[in-house]
Amino acid sequence: MQKLKILVVLNVISVLFSCQTDKNRETDLTQAFSFRKDTLLKFVKDMDTLPFTFEIELAQSVYQKETGLMHRKQMKANRGMLFIYENQRERQTFYMKNTFIPLDLIYLNSELEIVDFNLDTKPLSEDYISSEIPSMFVLELNAGQVNQLTIKKGDQVVLK
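Note that my numbering has the sequence shown beginning at 712, numbered continuously upward.
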């Protein structure tokens with residue numbers, strides 16, 4: 712009888728610890744996909760800096776570039792993500808797997824000049840999305856921002 716009580720107590724303790732571990736995993740996942748403001752960004756159009764400022768999360772590591780905005784259900788209008796590559800690449804290729812937010816992709820050359828767009832991308836699509844022009848940076852904003860701000864090829868980006 713004493714052995715049975717000990718087994719029951721040990722079983723309850725192990726269940727409690729496993730529940731705590733699951734809570735820690737949930738917290739880790741939430742933190743992994745929470746927005747992180749690394750810098751600020753403004754657009755320069757026809758030599759004038761537009762008044763709207765974006766809070767930008769940088770994707771620099773391999774993991775950050777592979778994950779991007781995946782698993783995030785929403786993003787505030789004044790936020791985005793900037794992918795930074797070591798050199799200008801012929802074709803930057805993306806897809807929307809596990810990405811729930813429709814996005815505007817803005818391709819920038821080494822001078823932070825806009826060279827190409829992919830607008831209003833389809834959430835959760837595994838179709839490849841590519842730039843037609845070589846680029847070194849890719850900026851992801853909520854879909855519709857490019858048209859709303861009337862941004863065009865040749866405009867530039869300034870990081871603060």
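For every residue, glycine included, the Cβ atom is placed at its ideal position computed from N, Cα and C.
Cutoff 6 angstroms; reference residue i; Cβ partners in own chain excluding five residues on either side
i	result
K748	E766
K871	L751
F794	A770, K776 and V849
T778	none
L823	Q867 and V868
CB contact flag (residue i, residue j, <8 angstroms)
i	j	result
Q799	S842	no
D831	Q856	no
I862	K756	yes
Residues near residue i by beta carbon distance below 8 angstroms, same chain, minus five either side
i	result
F763	K753, F754, N789 and L860
I812	L780, R783, K784, Q785, M786, P834, N853 and A854
K808	M781, L835, S836 and E837
Y806	S836, E837, D838, Y839 and I840
D759	none
CB-CB length for residue i against residue j, believed under 8 angstroms
i	j	result
Y796	F848	7 angstroms
Contact set for residue i: own chain, Cβ-Cβ below 7 angstroms, skip 5 residues either direction
i	result
S846	Q799, R800, Q803, Y818, L819, N820, V826 and D827
L761	K753, F754 and L860
L721	The predicted position of L721 is uncertain, since its pLDDT is 42 and thus under 50; no value can be drawn from it.
Buried/exposed call for residue i, threshold 16 Cβ in 10 Å
i	result
E851	buried
F744	exposed
E837	exposed
M792	buried
N829	buried
D866	buried
V868	buried
E768	buried
Hey, which unbroken runs of the beta strand (DSSP E) at 3 residues or more fall wholly within the segment 753-807?
765-770 and 790-800
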